[in-house]
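Presented below is the structure to which this report refers.
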Amino acid sequence: SVTKRAVAEVAQHDKVPRPVGFVPPPPPCPGKIRHFDI
Amino acid sequence: VPAAPPAPLGCDDPESEAAAEVAVNYINGRSHHGYKFTVNRIKDVHVVPQGPKNNLMFMELDLLETKCHILSPTPLANCTVRSFAEHAVEGDCDVKMQKVDGTISVLASKCHSNADSSEDIRKVCPGCPLLAKLNDTEVLETVSAALNDFNSKTTGPYLRLLEIGRGQIQYHPAHIVAVEFAVGATNCSAEEAKVNVEACQLLPEDQSNFGFCTGTVVKHPSQDLKVDCQLYGHQVPTSDIPLLSRVFQPTSQDTS
Numbered sequence: 057s058v059t060k061r062a063v064a065e066v067a068q069h070d071k072v073p074r075p076v077g078f079v080p081p082p083p084p085c086p087g088k089i090r091h092f093d094i
Numbered sequence: 049v050p051a052a053p054p055a056p057l058g059c060d061d062p063e064s065e066a067a068a069e070v071a072v073n074y075i076n077g078r079s080h081h082g083y084k085f086t087v088n089r090i091k092d093v094h095v096v097p098q099g100p101k102n103n104l105m106f107m108e109l110d111l112l113e114t115k116c117h118i119l120s121p122t123p124l125a126n127c128t129v130r131s132f133a134e135h136a137v138e139g140d141c142d143v144k145m146q147k148v149d150g151t152i153s154v155l156a157s158k159c160h161s162n163a164d165s166s167e168d169i170r171k172v173c174p175g176c177p178l179l180a181k182l183n184d185t186e187v188l189e190t191v192s193a194a195l196n197d198f199n200s201k202t203t204g205p206y207l208r209l210l211e212i213g214r215g216q217i218q219y220h221p222a223h224i225v226a227v228e229f230a231v232g233a234t235n236c237s238a239e240e241a242k243v244n245v246e247a248c249q250l251l252p253e254d255q256s257n258f259g260f261c262t263g264t265v266v267k268h269p270s271q272d273l274k275v276d277c278q279l280y281g282h283q284v285p286t287s288d289i290p291l292l293s294r295v296f297q298p299t300s301q302d303t304s
């Protein structure tokens, strides 16, 4: 018989483990400041 | 399975930087007054696919004023950015572009510029000179005195004022007025101008010779005037807008 696990439990188990030191990529925008910010 | 949508374009991606360069060259090429602007930051970019190898790009750019007048032949890459302490001016532009087969072209742009607030400058640099209005009496007097002084001493052509680019006034520790203005060579020598200045007209487009002057008057304690003018030499207009008309036409903020 198929038992449906609670979402939290699934989410907990299926959450992709982040490697140690994982740094999320910078947001795509706004970009870098080339001179200075007014 | 339908192909996954392309990853959103990042503001610092090479494709965005290339598009920003096309945009800022377009904006400077159609500007009628003041100074060249350079990209300070790509604030936002959106790509809307139109078909195979055909995308619309919507970009929001933060620009900063450089010290190169719009008529200067100096390449933008060699133009110094006006520093914060020199009362920087920033531009904010929304640009619509199209990229077809890898070639980017500008369809429309809408820009506005504004000087940094005097309060911000004061906070960082209490004694720095602040931008004055271009029709400020002291600015007008200083431009007139500086141009007359230069024309009275030059061995070259008599120069006429094209436009005032900037005026700054400081009061401490001395009362100093600093101005920058664009000039054009006329068909007179300075000597001829002394006889009949009305006859001295700007050279026609095919011989035009524009230049740029900086002038400083120390009003107090001593009345000391310094002026320097550099002529660019004749330039063949690069964009489809004749150089002279670029300065004399009313400022247009939008292009399309």
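Those protein sequences? They're chains A and B, same order as listed.
For the record, in the first sequence the residue sitting at position 5 is 61 according to our numbering, with numbers rising by one throughout.
For the record, in the second sequence the residue sitting at position 53 is 101 according to our numbering, with numbers rising by one throughout.
By construction, the Cβ of each residue, glycine as well, lies at the ideal position given by its N, Cα and C atoms.
Here the structure is a predicted model, which means the values were calculated and not measured.
Check: Quick one: which chain A residues come within Cβ less than 8 Å of B:Cys141?; Outcome: Ordered by position in chain A, no residue passes the 8 Å Cβ test against B:Cys141, which lies about 14 Å from the chain.
Check: Taking the C-alpha atoms as reference points, what is the distance between B:Arg294 and B:Leu119?; Outcome: Because B:Arg294 sits at a pLDDT of 48, beneath the cut-off of 50, its placement in the model cannot be relied upon, and the following sentence gives the value as read from the coordinates. B:Arg294 and B:Leu119: Cα-Cα distance of roughly 8 Å.
Check: Compare the C-beta of B:Ser304 against all C-beta atoms of chain A and say whether one is closer than 8 Å.; Outcome: Here B:Ser304 scores only 39 on pLDDT, less than 50, and its place in the model is too uncertain to base an answer on.
Check: Confirm, please, whether the CB-CB distance from B:Val93 to B:Leu112 is below 8 Å.; Outcome: no
Check: Per DSSP, what kind of secondary structure is B:Asp276 in: helix, strand or coil?; Outcome: strand
Check: For B:Val275, is the classification buried or exposed, using 16 other Cβ atoms within 10 angstroms of its Cβ as the cut-off for buried?; Outcome: buried
Check: Which chain B residues sit within Cβ distance under 7 Å of A:Pro80?; Outcome: By Cβ distance, chain B contributes nothing, its closest Cβ being about 14 Å from A:Pro80, past 7 Å.
Check: Could you tell me the alpha carbon to alpha carbon distance between B:Asn196 and B:Cys141, rounded to whole angstroms?; Outcome: 38 Å
Check: Between A:Pro84 and B:Gly58, is the Cβ-Cβ spacing less than 8 Å?; Outcome: yes
Check: Where do the N-terminal and C-terminal ends of the alpha helix (DSSP H) with B:Ser200 fall, by residue?; Outcome: Thr185 to Lys201
Check: Please name the residue in B:Ala194, B:Gly232, B:Leu210 and B:Phe258 whose C-alpha comes closest to that of B:Gln271.; Outcome: B:Ala194
Check: Expressed to the nearest angstrom, what Euclidean distance is found between the alpha-carbon atoms of B:Gly99 and B:Glu228?; Outcome: 48 Å
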